[in-house]
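Heads up, the thing below is written out as structure tokens.
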Amino acid sequence: MRTTILFAAIVTIGLVVGSRAVSAHHAFASEFDANRHVVFTGTVTKMMWVNPHAWIYVDVKKTDGTTEEWMVEAGTPNTLLRRGFTKASLQPGTVIKVDGYQSKDGALRANGRDLTLPDGRTLFLGNAEAGAEGGPGAVKK
Amino acid sequence: MRTRFWRVITPVGFAVMIALIWLLPLAGQAPPPRQPSAFPAYKAPRLNGHPDLNGIWQAFTTANIDLEDHEAQSGPHPELMGAYGGWPAGQSVVEGGEIPYKPEALAKKRQNVANRMKVDVSNDKTWHNLGDPEMKCYMPGIPRATYMPYPFQIVQGSSPYILMAYEFATASRTIRMDWKDEAPTDTWMGWSRGHWEGDTLVVDVTGQREETWFDRAGNYHSDMLHVVERFTPLSPYHLMYEATIEDPKVYTRPWKITIPLYRRMEKNVQLLEYKCVPFTEEMLYGKFKKGAS
Amino acid sequence: MHRWLSSVVVTAFAAVAISSALLIAQTPTATGAKPAAGAKPQATPAKTAAPAKPAAKAWSAPKTPWGDPDLQGVWNDATSTPLQRPNGKGETVGEGDASQFEEQLASDLNRDRRDGGPEIDVNRAYNEHWMDSRRLKITEDRRTSLIVDPPDGRLPPQVQISPERQKIRAERQAAANRFNAGMPLVATELSLPIRCIIRTDSPPYLPTIYNNDFQIYQSPGYVVIAPEMIHSARMIPLDGRPHLGKNLHQWLGDTRGHFEGNTLVIETTNFRTDDGTVYQGANPATYKITERFTRVANDTVNYEFTINDPMTWSKPWTAVVPWTKIDPKEQMYEYMCHEDNFDIVHLLTGARNREKNPSLNLQPAKR
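Right, here's the structure in full:
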């Protein structure tokens with residue numbers, strides 16, 4: 001249950017850079033487990049545009065043909081709104097790739113550390129044309 | 001004797017005279033109560049060319065218990081609360097008396113009443129299914145924020161925004177004046193766009209979360225809710241508040257509430273904090289604490 | 001290597017803890033910076049936020065129709081300039097070094113990088129576009145710390161605190177440790193931001209990873225500051241009325257203001273005594289904060305604050321943060337919090353699940 005075959009544990013080859021980026025607090029780590037790195041692809045069924053964190057519901061097909069529903073945590077939606085996205089910007093049916101860390105108790109939740117479209121484009125940035133056409137919050141860049 | 005008679009009659013006569021002067025303009029109109037026209041004509045002072053609505057305002061009504069007619073009731077847990085927990089009776093603030101629910105929607109409203117004091121946040125997907133949002137200290141939405149038994153402040157200056165800040169749950173909303181863009185997503189206090197019609201501030205509210213209620217009686221709406229509010233100054237001390245509520249999923253036609261708002265007049269009165277989150281934590285999360293189950 | 005960082009970490013334990021997300025950013029970055037001169041804003045205008053716009057001789061601060069300095073609008077206070085000056089840096093970086101300083105800070109803050117191992121990676125949490133990109137720029141005057149006084153750009157030393165407060169701090173630290181381990185006992189031991197009681201709406205206003213936005217409203221007799229997180233509106237009467245009575249305390253205190261020339265000066269008292277309501281676990285009973293807002297250009301307000309709490313710091317300290325007016329189309333949006341605070345239940349139920357079933361606790365993979 002805690003390891004689904006689909007989720008290949010990925011060895012992150014990281015250089016431990018002695019930089020100030022080192023997070024002294026383990027805030028996200030209080031809910032999500034650094035030992036449960038998960039990568040999966042699934043279909044969005046719903047996105048909740050709420051604070052303090054947006055949540056994206058993703059249906060993931062397993063190799064045995066059954067489907068698991070995952071909840072993927074993301075950042076504050078207000079930033080996206082200011083960039084011109086709206087609740088229409090991520091439609092149910094969109095296929096996304098989630099690279100993140102699973103809940104510490106093994107529940108089907110993960111933080112969306114990297115959220116991309118299957119072709120590698122970053123979610124929202126990559127599919128900007130799908131939703132935000134310079135909505136009310138369009139930022140000139 | 002004679003002196004005594006005059007001593008009595010003079011104040012009485014004076015009072016009658018005042019009353020006549022007050023009522024004279026209405027003679028023959030048989031005005032319905034709570035209509036703006038019940039007040040003598042009033043033109044509000046101007047600020048930057050518009051009526052000045054600045055101030056701390058409050059409704060004095062039991063509409064937050066029930067928008068419709070309601071009898072006095074004990075409130076929850078009278079065995080603990082006694083008369084402390086009692087809810088007073090009140091007359092309907094709904095034009096025509098009743099909310100025009102579709103039959104199936106009325107059943108949901110009744111279910112809401114039955115469930116108003118239940119909560120269950122153990123599952124994100126059913127997080128909002130039970131309980132009056134007020135009891136959970138959730139932001140009340142519009143129009144409920146206006147007639148809850150807490151003051152709110154209107155801050156109107158010379159920018160395209162008017163602020164309405166509410167004491168309950170430190171909720172607030174910005175009214176964007178003459179604004180075109182639609183709500184980018186749904187929020188608890190909604191997306192308010194305003195304009196002036198004469199002395200009346202008209203606010204169009206969309207984009208409200210479907211989970212808010214109108215009162216403790218479970219009166220509710222769907223994600224199709226559209227509210228048009230009208231704030232009309234009646235005197236230096238009164239605003240008339242009208243809200244027309246439209247939701248084709250839930251009601252057979254649009255309906256309207258009318259509630260006067262009173263200026264808070266105490267010296268140095270100010271909005272205080274009513275941060276009620278701490279009052280709800282045991283109720284919402286108590287069963288998840290260590291040793292609870 | 002990070003003495004400056006660790007000192008912040010030690011003291012930051014309660015008050016700065018914004019939600020999981022904010023917390024992370026606040027600590028490493030929010031330390032920061034400052035313009036030159038001292039506590040007095042007038043003394044430093046040229047060196048503070050808008051030096052790039054030289055003297056703007058012709059410019060005069062706009063007024064409202066009723067004659068007050070006009071601060072209305074939506075402002076953003078994001079910057080990468082840290083609260084405290086990194087060791088070895090001067091007051092400012094030279095023009096030639098500025099881009100390198102800025103790039104280093106931006107690289108440290110970058111949320112798209114995946115290096116450093118999973119413990120670090122999990123805490124970066126989300127891609128850059130969820131964050132405020134303005135937080136990747138240093139202040140225009142190229143300061144190395146937001147703190148301008150003491151002149152070394154660093155928080156003054158802490159004083160010895162009473163045994164009672166030490167005990168409370170130790171309890172808070174124990175609760176924070178349980179939270180960090182994902183094993184909180186009860187909701188009320190979580191930090192105020194995680195409980196959605198206070199976030200970045202408690203003064204002083206310091207930049208964080210996102211939603212660094214503030215809308216200022218004005219009406220005759222009032223200035224109102226509405227920080228995006230959490231939808232509170234700070235009402236500031238200008239009519240000279242006294243503060244609330246001494247027995248009436250609030251989470252966000254009680255603010256009074258007046259204008260000194262073009263500067264809005266506000267003072268806040270009557271904070272609740274709950275631990276964590278004032279900055280960095282200072283003592284609410286003796287904590288005093290004075291904030292000054294001066295519009296120095298059409299698109300810039302200098303926000304300066306001075307904190308004095310002799311029961312916590314050996315002397316007062318002052319920081320200056322430039323606020324930039326943002327495109328009105330960019331807007332502020334409602335930051336609901338408590339209403340959909342799913343995380344708080346995830347944290348508590350996760351802890352209970354792991355208590356019941358210790359085998360859920362995974363060991364770090366060998367590296």
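Protein chains in written order, with my numbering: chain Y, 1 to 141; chain B, 1 to 293; chain E, 1 to 367. All C-beta atoms, glycine included, are put in the ideal place defined by N, C-alpha and C.
Rounded C-beta distance between residue i and residue j? I'm assuming under 8 Å.
i                      : j                      : result
residue 268 of chain E : residue 289 of chain E : 5 Å
residue 321 of chain E : residue 77 of chain E  : 5 Å
residue 285 of chain E : residue 312 of chain E : That belief does not hold up - the Cβ atoms of residue 285 of chain E and residue 312 of chain E are roughly 11 Å apart, past 8 Å.
residue 118 of chain Y : residue 95 of chain Y  : 6 Å
residue 75 of chain E  : residue 214 of chain E : 5 Å
residue 221 of chain E : residue 238 of chain E : 5 Å
Interface residues of chain Y around residue i at Cβ under 8 Å?
i                      : result
residue 360 of chain E : 2, 104, 105 and 106
residue 140 of chain B : In chain order: nothing, as chain Y lies at least about 17 Å away.
residue 354 of chain E : 104 and 105
residue 124 of chain B : 55 and 71
How would you list, in chain order, the residues of chain E whose beta-carbon sits under 7 Å from the beta-carbon of residue i?
i                      : result
residue 278 of chain B : 197
residue 121 of chain Y : Per Cβ cutoff of 7 Å: no residues; residue 121 of chain Y is ~11 Å from chain E at best.
residue 170 of chain B : 231 and 232
residue 115 of chain Y : 127
residue 268 of chain B : 241
For residue i, return the contacting residues in chain E, with the cut-off set at a CB-CB distance below 9 Å.
i                      : result
residue 31 of chain Y  : 20, 182, 343, 346, 347 and 350
residue 110 of chain Y : In chain order: nothing, as chain E lies at least about 10 Å away.
residue 124 of chain Y : 127, 129 and 130
Nearest-angstrom Cα distance between residue i and residue j?
i                      : j                      : result
residue 184 of chain B : residue 115 of chain Y : 21 Å
residue 131 of chain B : residue 88 of chain Y  : 29 Å
residue 229 of chain B : residue 85 of chain E  : 51 Å
residue 83 of chain Y  : residue 52 of chain Y  : 18 Å
residue 271 of chain E : residue 253 of chain E : 4 Å
residue 243 of chain E : residue 287 of chain E : 15 Å
residue 327 of chain E : residue 110 of chain B : 47 Å
residue 207 of chain B : residue 194 of chain B : 14 Å
residue 84 of chain B  : residue 65 of chain B  : 15 Å
residue 283 of chain B : residue 119 of chain B : 8 Å
residue 290 of chain B : residue 199 of chain E : 26 Å
residue 66 of chain E  : residue 158 of chain B : 9 Å
residue 138 of chain Y : residue 185 of chain E : Its pLDDT being 28, under 50, residue 138 of chain Y is placed unreliably by the model, and nothing is read from it.
residue 209 of chain B : residue 139 of chain B : 10 Å
residue 149 of chain B : residue 80 of chain B  : 22 Å
residue 353 of chain E : residue 192 of chain E : 24 Å
Can you list the residues of chain E that residue i reaches, using a CB-CB cut of under 8 Å?
i                      : result
residue 50 of chain Y  : 336, 339 and 340
residue 281 of chain B : 187, 188 and 195
residue 115 of chain B : Per Cβ cutoff of 8 Å: no residues; residue 115 of chain B is ~18 Å from chain E at best.
Can you pull the DSSP bridge partners for residue i?
i                      : result
residue 236 of chain E : E:223
residue 406 of chain E : Outside the shown range of chain E (1 to 367) lies residue 406 of chain E, about which nothing can therefore be said.
residue 63 of chain E  : E:69
residue 120 of chain E : Looking at the DSSP assignment, residue 120 of chain E forms no beta bridge with any residue, so it has no partner.
residue 313 of chain E : E:158
residue 204 of chain B : B:193 and B:228
residue 237 of chain B : Bridge partners of residue 237 of chain B: none, in fact.
residue 46 of chain B  : B:51
residue 255 of chain B : B:245
residue 259 of chain E : E:264
residue 274 of chain B : B:168
residue 332 of chain E : Paired residues: none, contrary to the question.
Quick one: which chain Y residues come within Cβ less than 9 Å of residue i?
i                      : result
residue 287 of chain E : Those within 9 Å of residue 287 of chain E in chain Y number zero; the least Cβ separation is about 23 Å.
Please compile the residues from chain B whose C-beta is within a distance smaller than 9 Å of the C-beta of residue i.
i                     : result
residue 86 of chain Y : 182, 183, 184 and 185
residue 78 of chain E : None at all; the shortest Cβ gap to chain B is about 21 Å.
I want to verify the contact list: residues of chain B whose CB lies under 8 Å from the CB of residue i, in sequence order.
i                      : result
residue 73 of chain E  : 159
residue 224 of chain E : 155, 163 and 165
Below 7 Å on C-beta distance, what does residue i contact in chain Y?
i                      : result
residue 119 of chain E : 29 and 34
residue 212 of chain E : Within chain Y, no residue comes near residue 212 of chain E; the closest Cβ sits about 10 Å away, beyond 7 Å.
residue 140 of chain E : Residues of chain Y passing the Cβ test: none, with the nearest at roughly 19 Å.
So residue i contacts chain B; which residues on that side make the cut at Cβ distance below 7 Å?
i                      : result
residue 77 of chain Y  : 185
residue 324 of chain E : Those do not exist, as residue 324 of chain E stays about 17 Å from chain B at its closest Cβ, beyond 7 Å.
residue 185 of chain E : 289 and 290
Listing by chain order, which chain C residues have their CB less than 8 Å from the CB of residue i?
i                      : result
residue 251 of chain E : The structure shown contains no chain C; the protein chains it does contain are Y, B and E.
Runs of alpha helix (DSSP H) lying entirely within the stretch 134-162 of chain B, each at least 4 residues, in chain order: 144-147
Ordered list of alpha helix (DSSP H) runs contained in the stretch 64-121 of chain Y, each at least 4 residues: Entirely contained in the stretch 64-121 of chain Y, the alpha helix (DSSP H) runs reaching 4 residues are, in chain order, 77-82.
Sequence ranges, beta strand (DSSP E) only - wholly within the stretch 59-120 of chain B, length at least 3: none
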